[in-house]
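Q:
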Amino acid sequence: MKSSILRPLCALTLLALLLGGCTARDGVSFSPAHGEVLLASGAFDPSLEPVDLETAALLYGLEPDQLVDGVCYLAANTSVSADELAILVCKDEQAAQTAQTALEQRVDSQITVSQSYCPAAIPHLEGAIIQRTGNTVLLAVGEPTGVLDAIQSLQ
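Heads up, the sequence shown is in the numbering used here, so the first residue is 6 and it goes up one at a time.
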């Protein structure tokens with residue numbers, strides 16, 4: 006009886022911890038320089054390739070003039086990996102809020118698409134971390150535990 010109660014409770018606790026990573030937090034403001042540090046952590050598919058900021062803005066449905074700096078890396082073969090990393094420095098906090106919403110929608114969309122052609126990517130997408138601090142927004146989709154550890158090491 007005890008284990009039948011503890012298992013769902015443990016599962017809910019784990020889910021709450023994972024989903025907690027998807028929300029904005031007060032804390033360190035990420036900079037584009039953090040992109041290389043996060044990539045070097047080994048938490049992401051090694052095939053990630055840089056994407057210019059204008060292309061990243063279009064990919065996320067943002068106006069390019071809303072971004073003043075940033076980095077974006079996408080998996081070279083999206084039929085095998087959904088890993089991506091973006092650190093977007095927006096012109097103001099309102100633009101950052103818009104970017105955060107766009108990144109959340111991107112992850113939701115990727116989960117839907119991956120169900121049919123790349124189900125192995127879904128755990129990475131479900132463990133995505135989206136953080137907004139001030140005018141900076143971070144999106145990290147990779148091996149969930151490794152991504153969380155890498156981000157925490159920066160804070």
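All C-beta atoms, glycine included, are put in the ideal place defined by N, C-alpha and C.
Fair warning: this is a prediction, and the values are worked out from it, not measured in the lab.
Could you please give me the residues that DSSP links to Cys77 through a beta bridge?
A: Beta-bridge pairing links Cys77 to Ala91.
Q: What first and last residue would you give for the alpha helix (DSSP H) that runs through Asp103?
A: It is worth fixing the name first, because residue 103 is Thr in this sequence and not Asp. That run of the alpha helix (DSSP H) goes Glu98 to Tyr122.
Q: At the level of alpha carbons, what is the spacing between Asp51 and Ala45?
A: Residue identity differs from the one stated: residue 51 is Pro in this sequence, not Asp. Whole-angstrom Cα-Cα distance: 9 Å.
Q: Val73 and Pro55 look like a contact to me (Cβ under 8 Å); what is the Cβ gap, rounded to whole Å?
A: That belief does not hold up - the Cβ atoms of Val73 and Pro55 are roughly 18 Å apart, past 8 Å.
Q: Work out the CA separation of Val94 and His39 for me, nearest whole Å.
A: 12 Å
Q: Using 8 Å for Cβ pairs, my map puts Asn161 next to Ala101. What's the rounded Cβ distance?
A: Residue 161 lies beyond the range of the chain shown here (6 to 160); nothing can be said about it.
Q: Taking just the CA atoms, how far does Ala133 sit from Ala145?
A: The alpha-carbon atoms of Ala145 and Ala133 are separated by roughly 6 Å.
Q: Please find out if some non-hydrogen atom of the ligand SAM comes closer than 7 Å to the beta-carbon of Lys96.
A: Of ligands this structure carries none, so the ligand SAM is not represented either.
Q: Hey, quick one: how far does the beta strand (DSSP E) through Gln136 stretch, first residue to last?
A: Here the beta strand (DSSP E) through Gln136 covers Ile134 to Thr138.
Q: Apply the 10 Å Cβ neighbour rule to Ser121 and answer buried if 16 or more other Cβ atoms are within range, or exposed otherwise.
A: The residue is exposed, with fewer than 16 neighbouring Cβ atoms inside 10 Å.
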